[in-house]
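Engineer: Below is one structure. I have some questions about it.
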Amino acid sequence: MTSPTRLTRAAAVLTLAVVSLTACADGEISIPEITIDGESLESLVDDARSQVETITSDVESLGDQITSLPEELRGEAETALDSARTAAEDAQTALDDAESSKEGAEQELADARTALDDASQQLDDLRSNAESADESARAAIEDLQQQVDELRAAVDEATS
């Protein structure tokens, strides 16, 4: 395949990728909810980062080669390469934001876990001190204790 044909095809692929990324970014595509464990998510993020690096490198390489294209294709190729470069930069920013959000979420979950531990301890103390309280009050305390324990288990599951 000749170099201009390869560049034209590469520009077409890059344009298609940019259009696809743009369609996903504007919220028009409905994606079903997916649950991914932390290890799988980290693997996906690493793969995405690798792909961003590859795209950025390929864009730079193709940018050096588009001068050999005919004039009528050069402008189109430059536009496609600029779009691919912008999409890669946007993807990198999104990955950085996701990683930052993940760290923030992990800290919030740790804080929630600490608060739930404190609440559980206070409820244990209250239950111990409420031996003389009426049955309905003790039952309410035990129900609340159970709810706190269930929420703590959910937080533990989310962080494991």
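In this note's numbering, the protein residues as written are 14 to 173. The beta-carbon is built from N, C-alpha and C at its ideal position, and this holds for glycine as well. Fair warning: this is a prediction, and the values are worked out from it, not measured in the lab.
#1: Decide if residue 63 is buried, meaning its Cβ has at least 16 other Cβ atoms within 10 Å, or exposed.
#2: The alpha helix (DSSP H) spanning residue 119 covers which residue range?
#3: In terms of alpha-carbon separation, which member of 88, 133 and 112 lies closest to residue 56?
#4: For residue 171, I'd like the list of residues in its chain whose CB is within less than 8 angstroms of its CB, leaving aside the five on either flank, ordered along the chain.
#5: According to the Cβ coordinates, are residue 136 and residue 165 closer than 8 angstroms?
Structural biologist: Taking the structure as given:
#1: Indexing the sequence shown from 1 puts residue 63 at position 50. Residue 63 should be labelled exposed.
#2: Working through the sequence shown from its first residue, we reach residue 119 at position 106. Here the alpha helix (DSSP H) through residue 119 covers 84–142.
#3: Position 43 of the sequence shown holds residue 56. Considering only alpha carbons, the answer is 112.
#4: Sequence index remark: in the sequence shown, residue 171 carries index 158 (1-based). Hits under 8 angstroms: 122.
#5: The residue labelled residue 136 in the question sits at position 123 within the sequence shown. The residue labelled residue 165 in the question sits at position 152 within the sequence shown. Against a cut-off of 8 angstroms, the Cβ pair of residue 165 and residue 136 comes out as no contact.
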